[in-house]
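Peer 1: Count along the sequence shown from 1, add 1, and you get the number used in this note's numbering.
Glycine included, C-beta positions come from ideal geometry on N, C-alpha and C.
Questions regarding the structure given below will be posed in turn.
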Amino acid sequence: MPYLWVVPYPTGVTIYDTLVSLDQNNVAVSATTFDTVLFKDGQESLLSVSVSLYDIPRALFMASFIPEEYGSYQLYAKNNVTDVVYLSNIFDVSTGITAPAASIYIGI
Numbered sequence: 002m003p004y005l006w007v008v009p010y011p012t013g014v015t016i017y018d019t020l021v022s023l024d025q026n027n028v029a030v031s032a033t034t035f036d037t038v039l040f041k042d043g044q045e046s047l048l049s050v051s052v053s054l055y056d057i058p059r060a061l062f063m064a065s066f067i068p069e070e071y072g073s074y075q076l077y078a079k080n081n082v083t084d085v086v087y088l089s090n091i092f093d094v095s096t097g098i099t100a101p102a103a104s105i106y107i108g109i
């Protein structure tokens, strides 16, 4: 049976995912927008998703959100020009991890 590795994330830390916008001929389409829905534990979440273009020639977009509660999150994004639908991997925000309160410096 295949095993799916899910990377755990802490609450309060921004989670990023890259979206690539291509047409049917694999030509970059940077002049587009996305409709996004973030799911938490299989239900639509009210958290907002930010999408911004960061590489125009390759039409790479960065989607990001900040989970405030534990759960499994998944991003749905539909390209409004090409109608391509993207469904992300599952982001596991679990109790086993907490974000560091401050930077830790180790000197030698």
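(1) Would Asp36 pass as a contact of Asn81 if the rule is Cβ separation under 8 Å?
(2) For the putative contact between Thr19 and Glu70, defined by C-beta atoms under 8 Å, what is the C-beta separation to the nearest angstrom?
(3) Please list the terminal residues of the continuous beta strand (DSSP E) segment that includes Ser51.
(4) Specify the secondary structure class of Gln44 as computed by DSSP and reduced to three states.
(5) Asp93 to Asn27, Cα distance in whole Å?
Peer 2: Taking the coordinates as given:
(1) Taking the sequence shown and counting its residues from 1, the one referred to as residue 36 is at position 35. Taking the sequence shown and counting its residues from 1, the one referred to as residue 81 is at position 80. Going by C-beta atoms, Asp36 is nearer than 8 Å to Asn81.
(2) As a first step, residue 19 is located in the sequence shown; it is residue number 18 there, counting from the start. As a first step, residue 70 is located in the sequence shown; it is residue number 69 there, counting from the start. About 24 Å; that fails the 8 Å criterion.
(3) Here the question's residue 51 lines up with position 50 in the sequence shown. Element bounds for Ser51: 51-56.
(4) For this step, residue 44 is matched to residue 43 along the sequence shown. If DSSP states are grouped into helix, strand and coil, Gln44 belongs with the strands.
(5) The sequence position of residue 93 within the sequence shown is 92, counting from 1. The sequence position of residue 27 within the sequence shown is 26, counting from 1. If you take the alpha carbons of Asp93 and Asn27, they lie about 31 Å apart.
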